[in-house]
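Residue numbers (this note's numbering): 341 to 504.
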């Protein structure tokens, strides 16, 4: 028997996780996201509505000019010290080629350079890390981790008590 309750239309919040994955993680264009969401959720909105909602949620793929200037200075300093860098923007690792390409286009004047150096704080949403070496990762003994011990205790016979 068919339900008498009408099917409710999906909202932005219903589609938010999928939109984030498609736009930010999978790096699809707004038009591609619109097409996929229309097919999956039968949700339609204009391109400008999508762009406004993406901005409201803080979903962005591009690195702002201020972030690029900061990155240029910080990466120059790290290169002088022979330190490799992995760049994360809003939790996503940005490929080194893309960073190099963006940084190459940025010019930072002396006044801007001094202002950025004086601020000295990494902008929010931007993380610069030194990548871990393969030899270090191989040296970690996972069998000594507390979580592994806990899991072993859970799966060993006679350690679980059943309460009734």
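By construction, the Cβ of each residue, glycine as well, lies at the ideal position given by its N, Cα and C atoms.
Model, not experiment: these values are computed from the prediction.
Mapping DSSP to helix, strand and coil, what is residue 446? Taking the first residue of the chain shown as 1, we reach residue 446 at position 106. If DSSP states are grouped into helix, strand and coil, residue 446 belongs with coil.
Here's the rule: buried if 16 or more other CB atoms are within 10 angstroms of the residue's CB, otherwise exposed. What is residue 432? Here residue 432 corresponds to residue number 92 of the chain shown, with the count starting at 1. So residue 432 counts as exposed.
Determine, using beta carbons only, whether residue 376 and residue 355 come nearer to each other than 7 Å. Reading the chain shown from its first residue, position 36 is the one you call residue 376. Reading the chain shown from its first residue, position 15 is the one you call residue 355. With contacts defined as CB atoms closer than 7 Å, residue 376 and residue 355 fail to qualify as a contacting pair.
Beta-carbon within less than 8 Å of residue 452's beta-carbon, same chain only, minus the 5 sequence neighbours each way: which residues are those? Sequence index remark: in the chain shown, residue 452 carries index 112 (1-based). Same-chain partners within the cutoff: 409.
DSSP three-state label for residue 468, please. Your numbering for residue 468 matches position 128 in the chain shown. Strand.
I need the DSSP call for residue 426, collapsed to helix, strand or coil. Here the question's residue 426 lines up with position 86 in the chain shown. Of the three classes helix, strand and coil, the one that applies to residue 426 here is strand, per DSSP.
For residue 366, which residues in the same chain have their Cβ closer than 8 Å to its Cβ, ignoring the five residues on either side in sequence? Sequence index remark: in the chain shown, residue 366 carries index 26 (1-based). So the list is empty, once near-sequence residues are dropped.
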